[in-house]
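For the record, the sequence lines run as chains A and B. Here the first sequence stands for residues 2 to 622, where the numbers follow my numbering. Here the second sequence stands for residues 2 to 622, where the numbers follow my numbering. Backbone N, C-alpha and C fix where the C-beta goes; we use that ideal spot for every residue, glycine too. Given the structure is predicted, the values throughout are model-derived calculations rather than measurements. See below for the structure under consideration.
There are 2 protein chains.
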Amino acid sequence: MLQTRHGKRTAQAYVKIAHDMVKAKLMTPEHAVRSGDPQALDQLLAPIFDSVDEKAAEASSLLTTGLPAGPGAASGIIALTAKKAEELAASGQKAVLCRIETSPEDLRGMIAAEGILTARGGVSSHAALVARQMGKVCVAGAGEISIDYTTSTLSCSGRTLREGDFIAINGTTGKVYGRKVKTSDSELKQVLISKTMKPQDSELFQAYDFVMKLADKFRTLGLRTNADQPDQAANAIAFGAEGIGLCRTEHMFFEGDRIDSVREMILFAEDYAKYRAEAAEARDDAARQSSLKGQYSQAIEHFTGALSTLLPIQQKDFEGLFETMAGRPVTIRLLDPPLHEFLPQAGPQTEALSKKLGVSYERIEALGHSLHEFNPMLGHRGCRLGIVYPEITEMQSRAIVRAALAVAKKTGKKVLPEVMIPLVGFVAELKLQLEIVNRVFAEEFAKAKTKLPYLVGTMIEIPRAAITAHEIAAEAEFFSFGTNDLTQTTLGMSRDDSGKFLPPYQKLGIVKANPFATIDQSGVGELMKIAVKGGEAVRPGIKLGICGEHGGDPTTIEFCHQIGLTYVSCSPFRVPVARLAAAQAALKYPSAAAPAAGKAKAGSAPTSAKSAKSAKAVAAR
Amino acid sequence: MLQTRHGKRTAQAYVKIAHDMVKAKLMTPEHAVRSGDPQALDQLLAPIFDSVDEKAAEASSLLTTGLPAGPGAASGIIALTAKKAEELAASGQKAVLCRIETSPEDLRGMIAAEGILTARGGVSSHAALVARQMGKVCVAGAGEISIDYTTSTLSCSGRTLREGDFIAINGTTGKVYGRKVKTSDSELKQVLISKTMKPQDSELFQAYDFVMKLADKFRTLGLRTNADQPDQAANAIAFGAEGIGLCRTEHMFFEGDRIDSVREMILFAEDYAKYRAEAAEARDDAARQSSLKGQYSQAIEHFTGALSTLLPIQQKDFEGLFETMAGRPVTIRLLDPPLHEFLPQAGPQTEALSKKLGVSYERIEALGHSLHEFNPMLGHRGCRLGIVYPEITEMQSRAIVRAALAVAKKTGKKVLPEVMIPLVGFVAELKLQLEIVNRVFAEEFAKAKTKLPYLVGTMIEIPRAAITAHEIAAEAEFFSFGTNDLTQTTLGMSRDDSGKFLPPYQKLGIVKANPFATIDQSGVGELMKIAVKGGEAVRPGIKLGICGEHGGDPTTIEFCHQIGLTYVSCSPFRVPVARLAAAQAALKYPSAAAPAAGKAKAGSAPTSAKSAKSAKAVAAR
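Structure below.
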């Protein structure tokens, strides 16, 4: 049993040995938990290549090696567009989505594909981020590959493949093969996700489950997941998640026809805002009000119409999540990305929208120009949208509270929504958004003649928020560190553009680890400590989470434990990794747990009480 | 005399009253200094419209009102391209450069034009920034104006003007007129800059000069200017600057033919870096070295050739600055902007470069794609360039030291270069760049058999630098706060993209002042304090400056005085403003001056001694 190969079998060997030796009392539970490599647990979930077939492919058909951005193995037909990937999946064929880079519009294709291959972008690019969240195999930034959408070809190392040819990618090693390679679901996935194997039939599952439960005995950090869809949430629960730490509502905006309503909303948002401002100025002047209504009738009709269309759709989304989470807390982040990310591409997409909405092609095109940003990361996004367009915050808040009330009524179970305001830098921003959320919740509670506990908190994802955390905590019932953006702003380093200098930086020893994978403790970490201190000073016991990609990184998890966070939130398929890492951190730093920390906290009931005092009581529960 | 109109005459009235009453002993010098509005001194330098003619223009030809981004009045012929502005100026005609937005490529056109008008961009956009530095009249972000480059027209409020028609802009009010309006140089400019009036003939100048000298008696902050060209530097000295706080070397890259050498350098930089890495790996393997030389011969020839061409050109630039500054310190920032900013536009520009360098059009185009960045503000720029391409740092260092040696020899005067490494976030970055600078300086000193004092320091412009200032100060002999970028990163807010949400933010009271004009004290200011503390702890008396646009803002200057900075650096035409503001700050907070502060400091001799101890001695001089 000790004679195992390194690589894919390490994690399997670890859980089996730990299980057997603890059962035989040859090892203490502490030792068993300490001795595992959390990172390696990824391997238990990743689909795998048949090793003989992969070797053969490596000899004959290796195209290139990209960045291993989502572990596992995927083999399928090349799809150069999301649509093609969807078509292939719909017809029962396996697809590998190959793109120069991916954007939110490719989401459905990414879901449909077995794996994702990109020519551009780093381990934290859109493709890699979404892939990890879905537990999808991904090789990113394979720069030697050149993709030509016009000829529908993919070329590399002198070979040219066409859309429809086979390709295989190994997201654990980054290798890309120009042919089909045999794959299969990991055993653990067969038990936990596809349920094609019974728990009692899998020794591996039993060993894994035993080790995870051991880990839970020591762990003091709570464990949440980043999930937007019920099936992702269900997977995360199967892996041990105790709540959702980040639901990105914008991912929901792309599904089905709703994207057209989103676009309709965006198209008329600015005019509607003008109308709102002028109407507010006109006050009691009825004649002027009526003339404004006439002048802006198109904007009013489209903007409010689009919001009305989106409201029940978002409500349904949230209902699905609340039901799946069955009483566990769900942190929902309000709209975050810049609006131009939702616009259609020029050409047929824009033409179709123009016809559907009765708006000229030129107007849609002009909007694209007007929304163009030099640095979208630092642009009109996050709560800056909700401040300029409060109607969007209102719609999303209403969808959340209505969904919560509906699910509570239907299931009789608790529903624990936590509304999260993104990109706050000034306490006044949070205050303005909070007023809307609280007003809408109160309105719906009154209508339903019942209420339920909820929290409103904020992301800490720009340096100013960390520095002024003592001001922000007066309004925020929880903090969640958005360490992706906090790293980008603190280091002045764009994740998506760092591919040109981060590799030499690592080579020269300027950075020890990729700061987008493992938290930069002396920089970003110091700001986090300042924020924790500021938050605790004003609202003792404040709930503190992390929901950046770092939340699934063992070294970062240890740091989060040390500085006293309440929970970490990570991609569903990273939950086992985080579970073991959190236990190891607790064993290593037994006194570092947050004053009122404990697993119970992540799952503890939020409250609608709005004072710091009662928030403390909640956190202490 | 007390019956003056508000507006243009306020500053004139102020200096005259202060002068007369202090001379008559009816007012104390303290009171005279305290009672002025520093901001208003701008008016003394701005070209002015004939008030009768402007009123007539307002009645008949007002097109729109944009953002007042560079005070003063400009009237001239519409030039829609930088080239056209240059042509008009060359033929002795006054031009107003009208662009949708400006980019560094427009620099020569901006210099040639009387004024600049942009349809897009805020008060801190490229146009506004450069305009203020040049003391050029500018109206930015006049959103109602639509410029069509293909038809060479400018339309607004139903009127369409053609390139060649007259236009006039008032950079103090933001007003844009569709006709010629009479203008003249301000009296102070006639005395100090154009020298068309003798000092003794101008009562206004004498009053101004008297008040400025009074201010200097109280001021403890040093005063520097941001200037890249000898004439800008000379203007700044005329206004009272004691040194250059920021010379942006990249502005020099655009002049004349040299841009082609810059482009040649960029085109082959990546291949040359590959060659360097492979050659380093091959070490003593002579055969491999020779084969690499063959393989990369084109990259080696072009890259090193371009650097050799640029070296003497940059040296000449620095010689001009050093001569003009005549013994005053000159802070030179190494290359900062992302390389794609230097590439030619597609079409004829790229074709011409292709022919000139014998490089295919496609290769230049492909480089543009490969250098494209999602968030250039946070991309491959600053010292990240010098780390990946150390040859560029070497060339610039050599140009600086050779220029310093040459001017010292020629004039017999001191030359005080201060080399500034931009965008440092990690002390290791600074260390690597410092090694190059110090090596090159030592080489040139040895060759010249003489030496001269110099400093190497860094910008503090990203939050991580402020947070780890105690580490960085171990290597940096001075800090200069780059508050433009520090504000962008600390607030997670792109200056150029903030136009959509900053106006509502100011309306709603979320921000009190525009954070790109007046420092955000609770956010950015706190980081500055952390950096000052960290720097002082490790290198007591470290020279501390500010070179962002904020350096010319009175409220910010007061803050800089309070936190103990050594000097402020601002655009040449803001120097009088800063001079009065710094004096007022010293009167308001007499005990807040830096431990070793004093006007002498900004002008004090730097040293080549590299220990913190001797740096302290320098600062204390």
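Looking at residue 138 of chain A and residue 115 of chain A, is the spacing between their C-beta atoms short of 8 Å? As a working note, residue 115 of chain A is residue 114 in the first sequence. As a working note, residue 138 of chain A is residue 137 in the first sequence. Cβ atoms of residue 115 of chain A and residue 138 of chain A: closer than 8 Å.
If you draw a straight line from the alpha carbon of residue 525 of chain B to that of residue 488 of chain A, how long is it in whole angstroms? If you number the second sequence from 1, residue 525 of chain B lands on position 524. If you number the first sequence from 1, residue 488 of chain A lands on position 487. Taking the straight line joining both Cα atoms gives about 17 Å.
List the whole-angstrom C-beta distance separating residue 272 of chain B from residue 300 of chain B, where the pair is believed to meet the contact cut-off of C-beta under 8 Å. In the second sequence, counting from the first residue as 1, residue 272 of chain B sits at position 271. In the second sequence, counting from the first residue as 1, residue 300 of chain B sits at position 299. The C-beta separation of residue 272 of chain B from residue 300 of chain B comes to about 4 Å, placing the pair in contact by the 8 Å criterion.
Assumed close pair residue 122 of chain B, residue 142 of chain B - CB separation to whole angstroms, cut-off 8 Å: Position 121 of the second sequence, counted from the first residue, corresponds to residue 122 of chain B. Position 141 of the second sequence, counted from the first residue, corresponds to residue 142 of chain B. The Cβ separation is near 5 Å, so the contact holds.
With a CB to CB cut of under 6 Å and the five nearest residues on each side skipped, what residues in its chain are close to residue 15 of chain B? In the second sequence, the residue the question calls residue 15 of chain B occupies position 14. Within the same chain, residue 15 of chain B has close Cβ partners 37.
Please classify residue 598 of chain B as buried or exposed, where buried requires at least 16 neighbouring CB atoms within 10 angstroms. Indexing the second sequence from 1 puts residue 598 of chain B at position 597. Caution applies to residue 598 of chain B, whose pLDDT of 40 falls short of 50 and renders its modelled position unreliable; the value that the coordinates give is listed next. Looking at its Cβ environment, which holds 16 or more other Cβ atoms inside 10 Å, residue 598 of chain B is buried.
Tell me the rounded alpha-carbon separation between residue 185 of chain A and residue 67 of chain A. Residue mapping note: residue 185 of chain A aligns to position 184 of the first sequence, counting from 1. Residue mapping note: residue 67 of chain A aligns to position 66 of the first sequence, counting from 1. When rounded, the distance between both Cα atoms is 22 Å.
State the Cα-Cα distance for the pair residue 260 of chain A and residue 393 of chain A, rounded to the nearest angstrom. Looking up residue 260 of chain A in the first sequence gives position 259. Looking up residue 393 of chain A in the first sequence gives position 392. The straight-line gap from Cα to Cα measures roughly 15 Å.
Anyone know if the C-beta pair for residue 241 of chain B and residue 198 of chain B falls short of 8 Å? Locating residue 241 of chain B in the second sequence gives position 240, where the first residue counts as 1. Locating residue 198 of chain B in the second sequence gives position 197, where the first residue counts as 1. No; because the gap between Cβ atoms is not below 8 Å, this pair is not in contact.
In DSSP terms, what residue 119 of chain B is bridged to: Residue numbering aside, residue 119 of chain B sits at position 118 when the second sequence is read from its first letter. Looking at the DSSP assignment, residue 119 of chain B forms a beta bridge with B:100.
Counting only the same chain and skipping the five closest in sequence on each side, list residues whose C-beta sits under 8 Å from that of residue 518 of chain A. Counting from one through the first sequence, the residue named residue 518 of chain A turns up at place 517. Contacts found: 124, 125, 550, 551 and 554.
Relative to chain B, which residues along the region 352-374 of chain A have a C-beta separation below 8 Å, given in chain order? 374
8 Å Cβ cutoff met for residue 397 of chain A and residue 315 of chain A: To locate residue 397 of chain A, count along the first sequence from 1; it is residue 396. To locate residue 315 of chain A, count along the first sequence from 1; it is residue 314. Yes; because the gap between Cβ atoms is below 8 Å, this pair is in contact.
Tell me whether residue 127 of chain B is buried or exposed, calling it buried when 16 or more other Cβ atoms sit within 10 Å of its Cβ. Position 126 of the second sequence, counted from the first residue, corresponds to residue 127 of chain B. Buried.
Within the region 474-562 of chain B, note down every full alpha helix (DSSP H) run reaching 4 residues or more, in order along the chain. 484-491, 503-508 and 527-539
Quick check on the DSSP output: what are the complete beta strand (DSSP E) runs of length 3 or more inside the region 153-234 of chain A, in order along the chain? 154-157, 160-163, 167-171, 176-178 and 223-227
For the beta strand (DSSP E) holding residue 455 of chain B, just list the boundary residues, first then last. What you label residue 455 of chain B is simply residue 454 of the second sequence in a count that begins at 1. Where residue 455 of chain B is concerned, there is no enclosing beta strand (DSSP E), given that its DSSP letter is neither H nor E.
Is it right to say residue 147 of chain A is buried, meaning 16 or more other beta carbons lie within 10 angstroms of its own, or is it exposed? Numbered from 1 along the first sequence, position 146 holds the residue referred to as residue 147 of chain A. Classification of residue 147 of chain A: exposed, given that the 10 Å Cβ count is below 16.
In chain order, what residues of the same chain have a beta carbon less than 6 Å from the beta carbon of residue 21 of chain A, not counting five sequence neighbours either side? Residue numbering aside, residue 21 of chain A sits at position 20 when the first sequence is read from its first letter. Same-chain partners within the cutoff: there are none.
From what residue to what residue does the beta strand (DSSP E) around residue 286 of chain A run? Counted from its first residue, the first sequence places residue 286 of chain A at position 285. For residue 286 of chain A, there is no enclosing beta strand (DSSP E), as DSSP marks it with neither H nor E.
Rounded to the nearest angstrom, what separates residue 215 of chain B and residue 330 of chain B at their Cα positions? Taking the first residue of the second sequence as 1, we reach residue 215 of chain B at position 214. Taking the first residue of the second sequence as 1, we reach residue 330 of chain B at position 329. Those two C-alpha atoms are separated by around 24 Å.
Would you kindly check if the distance between the Cβ of residue 268 of chain A and the Cβ of residue 158 of chain A is under 8 Å? The count along the first sequence starts at 1 and reaches residue 158 of chain A at position 157. The count along the first sequence starts at 1 and reaches residue 268 of chain A at position 267. Their beta carbons are not under 8 Å apart, which means residue 158 of chain A does not touch residue 268 of chain A by this criterion.
Take every Cβ of the region 238-256 of chain A, pair it with every Cβ of the region 331-345 of chain A, and state whether three or more of those distances are shorter than 8 Å. When C-beta atoms of the region 238-256 of chain A are compared with those of the region 331-345 of chain A, three or more pairs fall below 8 Å, so the two segments count as touching.
Hey, does residue 430 of chain A have any beta-carbon neighbour from chain B nearer than 8 Å? Start at 1 with the first residue of the first sequence, and residue 430 of chain A comes out as number 429. Cβ-Cβ to chain B under 8 Å: yes for residue 430 of chain A.
What are the start and end residues of the alpha helix (DSSP H) that includes residue 441 of chain B? Residue 441 of chain B sits at position 440 when you count from the first residue of the second sequence. Residue 441 of chain B -> alpha helix (DSSP H) spans 428-449.
Nearest residue (CA-CA) to residue 187 of chain A, options A:205, A:282 and A:484: Residue 187 of chain A sits at position 186 when you count from the first residue of the first sequence. Of the listed residues, the one whose Cα sits closest to residue 187 of chain A is A:205.
Who pairs with residue 419 of chain B in a beta bridge, going by DSSP? Reading the second sequence from its first residue, position 418 is the one you call residue 419 of chain B. Bridge partners of residue 419 of chain B: B:332 and B:456.
Give the single residue among B:561, B:507, B:363 and B:57 whose Cα lies nearest to the Cα of residue 481 of chain B. Residue mapping note: residue 481 of chain B aligns to position 480 of the second sequence, counting from 1. The shortest Cα separation from residue 481 of chain B among B:561, B:507, B:363 and B:57 belongs to B:561.
Using alpha carbons as the reference points, say which of B:289, B:18, B:253 and B:359 lies closest to residue 317 of chain B. In the second sequence, residue 317 of chain B corresponds to position 316, counting from 1. Residue B:253 is the option with its Cα nearest to residue 317 of chain B.
Could you have a look at residue 276 of chain A and say whether DSSP puts it in helix, strand or coil? Against the first sequence, residue 276 of chain A aligns to sequence position 275. Helix, per DSSP.
Residues that residue 249 of chain B bridges to, as DSSP identifies them: Within the second sequence, the letter at position 248 stands for residue 249 of chain B. Residue 249 of chain B pairs with B:334.
Select from the region 441-475 of chain B all residues with a C-beta closer than 7 Å to any C-beta belonging to chain A, and list them in chain order. 463, 464, 465, 468 and 469
By the three-class DSSP mapping on this structure, what secondary structure does residue 74 of chain B have? Here the question's residue 74 of chain B lines up with position 73 in the second sequence. It is a strand residue.
For residue 511 of chain A, which residues in chain B fall below 8 Å Cβ to Cβ? The residue labelled residue 511 of chain A in the question sits at position 510 within the first sequence. Going along chain B in sequence order, the residues near residue 511 of chain A (Cβ under 8 Å) are 388, 427, 429, 430 and 433.
Determine whether the beta carbon atoms of residue 51 of chain B and residue 183 of chain B lie at a separation below 8 Å. In the second sequence, counting from the first residue as 1, residue 51 of chain B sits at position 50. In the second sequence, counting from the first residue as 1, residue 183 of chain B sits at position 182. It is a contact, given that the beta carbons lie within the stated cut-off.
Between the region 478-493 of chain A and chain B, which residues of the former have CB atoms less than 8 Å from a CB of the latter, in chain order? 486, 489, 490, 491, 492 and 493
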